[in-house]
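In what follows, a single structure is set out as structure tokens and then discussed.
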Amino acid sequence: MLKIATGTFLSLHLALDVVITQIFLIFFAMEGRYELAAAVPVADSLLKLTLALPGAAVASLCTQRQRLVLCSIIRPAATCIWIAAVESLTRGQFHIAISLFLTFKLAAIIDGTMSSDLQFLARDAFGIDLTQQASIQNIIARGSLAIAPAIALKLNQGHLSPDGALPLLAAFSVGSFYMLRARLAPQANNTLSARKQGDTTRLYSGIGVFRNKLMRWGLLYQLTVNFSFSGITYLLAIELQGESNFSLNSLTIFYALFFSYQIAVMIAGDTVVPAKEIRHIVVIITLSATATIAVGITNENWLTLILCAIMGILYGFEIQSIQKIVIAGVRGPDFIEYCAWSKTCSRIASAASVAILGFAVGSGVPSPALLVVSGLLGCASALLLNIVNPERTIGLSS
Numbered sequence: 013m014l015k016i017a018t019g020t021f022l023s024l025h026l027a028l029d030v031v032i033t034q035i036f037l038i039f040f041a042m043e044g045r046y047e048l049a050a051a052v053p054v055a056d057s058l059l060k061l062t063l064a065l066p067g068a069a070v071a072s073l074c075t076q077r078q079r080l081v082l083c084s085i086i087r088p089a090a091t092c093i094w095i096a097a098v099e100s101l102t103r104g105q106f107h108i109a110i111s112l113f114l115t116f117k118l119a120a121i122i123d124g125t126m127s128s129d130l131q132f133l134a135r136d137a138f139g140i141d142l143t144q145q146a147s148i149q150n151i152i153a154r155g156s157l158a159i160a161p162a163i164a165l166k167l168n169q170g171h172l173s174p175d176g177a178l179p180l181l182a183a184f185s186v187g188s189f190y191m192l193r194a195r196l197a198p199q200a201n202n203t204l205s206a207r208k209q210g211d212t213t214r215l216y217s218g219i220g221v222f223r224n225k226l227m228r229w230g231l232l233y234q235l236t237v238n239f240s241f242s243g244i245t246y247l248l249a250i251e252l253q254g255e256s257n258f259s260l261n262s263l264t265i266f267y268a269l270f271f272s273y274q275i276a277v278m279i280a281g282d283t284v285v286p287a288k289e290i291r292h293i294v295v296i297i298t299l300s301a302t303a304t305i306a307v308g309i310t311n312e313n314w315l316t317l318i319l320c321a322i323m324g325i326l327y328g329f330e331i332q333s334i335q336k337i338v339i340a341g342v343r344g345p346d347f348i349e350y351c352a353w354s355k356t357c358s359r360i361a362s363a364a365s366v367a368i369l370g371f372a373v374g375s376g377v378p379s380p381a382l383l384v385v386s387g388l389l390g391c392a393s394a395l396l397l398n399i400v401n402p403e404r405t406i407g408l409s410s
């Protein structure tokens with residue numbers, strides 16, 4: 013339990029990053045500022061997309077100890093920026109809030125890049141193995157998504173103040189500074205590690221990725237499915253009203269079921285993942301698209317909640333199925349290359365999807381109609397992915 017508690021503490025900064033994005037998105041949507049609501053996830057994706065590789069290049073010029081010392085300063089500073097950003101948002105000072113939001117995101121990206129090998133130090137210092145750390149981070153990120161809509165609604169209704177979180181966030185800041193500076197930094201390596209020649213050239217070339225049929229399918233999945241479905245939570249967010257139930261609404265139900273399934277996978281492993289072949293992933297995508305269309309055409313609140321719960325579970329199935337079949341099937345030296353290209357494709361598709369939907373909502377297109385369009389795009393994505401299924405030509409079926 014002590015290991016889990018320590019690992020949780022070291023990963024709590026992930027919750028701040030996830031929650032502030034959802035708070036800004038939902039708050040702007042409830043204020044009728046749909047363009048700003050769409051710009052929030054788009055800006056988040058574009059910042060991570062454009063700064064990932066430059067950040068990695070800068071991090072490679074620093075020693076491990078220097079990076080952790082920098083993180084010990086960045087995390088408390090980012091926490092203060094987080095509080096100021098949310099406070100400005102609730103006061104209606106949108107220009108200040110947006111500037112602080114972007115500043116926080118920049119700090120979070122720098123911290124994430126500089127602390128990329130923190131999990132290995134945590135393993136050596138506290139005995140937290142890599143699997144435990146990955147599970148803890150996943151639970152924190154998904155749990156934050158589940159509670160973020162409730163926090164945003166409470167803030168919008170005036171029932172919650174950012175000042176109430178000051179003691180908790182202050183304790184987190186002091187603890188992070190101590191853990192990183194006093195406990196982990198002294199054990200960190202203080203020498204620069206040599207970089208392999210040609211790594212950067214190989215990364216940008218994509219030779220291994222585009223030669224491998226399974227990797228090509230994975231990249232196509234990231235492009236098509238993320239473009240089809242990334243804007244769904246945005247469309248659900250703008251449907252929320254000031255009088256919406258903070259604990260029982262479409263977004264909360266969606267993320268709660270998704271989060272619950274992640275816990276089940278953490279406990280039981282991939283035995284609870286229903287997919288065994290790529291064609292099963294295609295079926296899950298089709299079911300998700302059908303549920304999305306149903307949400308768009310229904311007018312019954314109780315039916316919408318049920319459908320959002322189904323969508324949350326199906327999304328969990330889909331993510332874990334990709335992990336079980338595609339990610340596990342990508343082995344060898346091309347794995348890092350595939351991960352880099354995969355994240356690039358997913359962020360480009362997500363940013364484009366939300367930007368288009370934000371423009372459409374701002375032009376007066378009703379969100380239920382856009383949900384139907386997203387569902388139809390999901391069906392088309394499933395059809396395309398089934399046509400190019402690599403299991404038809406290579407022995408991947410189990």
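For reference, each letter of the sequence shown is one residue, going 13 to 410 in the working numbering. For each residue, glycine too, the CB sits at the ideal point set by N, CA and C.
(request) Please classify T91: is it buried, with 16 or more other beta-carbons within 10 angstroms of its beta-carbon, or exposed? (result) buried
(request) Going by CA-CA distance only, name the one from V294, N313, I305 that's closest to N261. (result) Checking every option, the nearest Cα to that of N261 belongs to N313.
(message) Just verifying my parser: in three-state terms, what is the DSSP assignment at K355?
(response) helix
(request) From the DSSP output, in three-state form, read off N401 for me. (result) In the three-state DSSP reduction, N401 falls in the coil class, being neither helix nor strand.
(message) Just to confirm before moving on: does the CB-CB distance between F270 and G308 stay below 8 Å?
(response) No. Outside cutoff.
(request) Figure out for me which residue from R103, H107, T302, L82 has the closest Cα to the Cα of S127. (result) Nearest neighbour of S127 by Cα position, chosen from R103, H107, T302, L82, turns out to be L82.
(request) Measure the alpha-carbon distance for K166 versus Q105 and round it to whole angstroms. (result) 18 Å
(message) If you reduce the DSSP assignment to three classes, tell me which class C320 lands in.
(response) helix
(request) Jot down the residue ranges of each uninterrupted alpha helix (DSSP H) in the stretch 50 to 123, minimum 4 residues, whole runs only, in chain order. (result) 76 to 102
(request) Check the C-beta distance from R79 over to S185 and give it rounded, since I have them as a contact under 8 Å. (result) Incorrect: roughly 18 Å between the Cβ atoms, too far for contact.
(message) Below 8 Å, how does it come out for the stretch 285 to 301 and the stretch 391 to 401: are there three or more Cβ pairs, yes or no?
(response) With three or more CB-CB distances shorter than 8 Å, the stretch 285 to 301 counts as touching the stretch 391 to 401.
(message) Please report the distance separating the alpha-carbon of A249 from that of Q274.
(response) A249 and Q274: Cα-Cα distance of roughly 22 Å.
(message) Suppose contacts are defined by Cβ-Cβ distances below 8 Å. Is L133 in contact with L73 by that definition?
(response) No, Cβ-Cβ distance for L133 and L73 is not below 8 Å.
(message) If distances are taken between C-alpha atoms only, which option among I159, N224, T236 comes closest to L263?
(response) I159
(message) With a threshold of 7 Å on Cβ separation, who are the neighbours of T298 within its own chain once the five nearest residues in sequence on each side are excluded?
(response) C391, A394
(request) Can you grab the Cα-Cα spacing for the pair Y246 / N224, in whole Å? (result) 34 Å
(request) Along the alpha helix (DSSP H) that carries I250, what are the first and last residues, could you check? (result) Looking at the DSSP string, the run of the alpha helix (DSSP H) that includes I250 is 244 to 250.
(request) Look at the alpha carbon of G187 and the alpha carbon of L180, and state the distance between them as a whole number of angstroms. (result) About 11 Å.
(request) Measure the beta-carbon distance from V285 to Q332 and round it to whole angstroms, keeping in mind my assumption that it falls under 8 Å. (result) 5 Å
(request) Use the C-beta contact count for G44: other C-beta atoms within 10 angstroms, 16 or more gives buried, fewer gives exposed. (result) exposed
(request) With DSSP collapsed to three states, give me the class of N168. (result) helix
(request) Using the Cα positions of L192 and F21, report the straight-line distance between them to the nearest angstrom. (result) 11 Å
(request) Go ahead and pull the three-state DSSP assignment for E289. (result) coil
(request) Measure the CB-CB distance between A27 and I151 and report whether it falls below 8 Å. (result) no
(message) Looking at the secondary structure, which residues open and close the alpha helix (DSSP H) in which K225 lies?
(response) 225 to 241
(message) Residues in the same chain with beta-carbon distance under 7 Å from A33, minus the five sequence neighbours each way, listed in chain order, please.
(response) Per the sequence presented here, residue 33 reads as Thr, with Ala not at that position. So the list reads V52, P53, D56, once near-sequence residues are dropped.
(request) Determine the extent of the alpha helix (DSSP H) in which Q335 is found, giving its start and end residues. (result) For Q335, there is no enclosing alpha helix (DSSP H), as DSSP gives it neither H nor E.
(message) Could you give the first and the last residue of the continuous alpha helix (DSSP H) run that contains A177?
(response) That residue, A177, is in no alpha helix (DSSP H); it is neither H nor E in DSSP.
(request) Can you tell me the Cβ-Cβ gap for A303 and L317, rounded? I've got them flagged as a contact below 8 Å. (result) The pair is not a contact, with the Cβ atoms about 12 Å apart (cut-off 8 Å).
(request) May I ask you to report which of helix, strand or coil DSSP gives L260? (result) The answer is coil: DSSP assigns L260 none of H, G, I, E or B.
(message) Using the Cβ count rule (16 or more neighbours within 10 Å means buried), how would you classify Y190?
(response) Residue burial annotation: Y190 is exposed, with fewer than 16 other C-beta atoms found within 10 angstroms of its C-beta.
(request) Use the C-beta contact count for E47: other C-beta atoms within 10 angstroms, 16 or more gives buried, fewer gives exposed. (result) exposed
(message) Here's the rule I'm using: 16 or more other beta-carbon atoms within 10 Å means buried, otherwise exposed. How should G67 be labelled?
(response) buried
(message) On the DSSP letters alone, give me the boundaries of the alpha helix (DSSP H) that V377 sits inside.
(response) Note, V377: premise wrong, no alpha helix (DSSP H); not H, not E.
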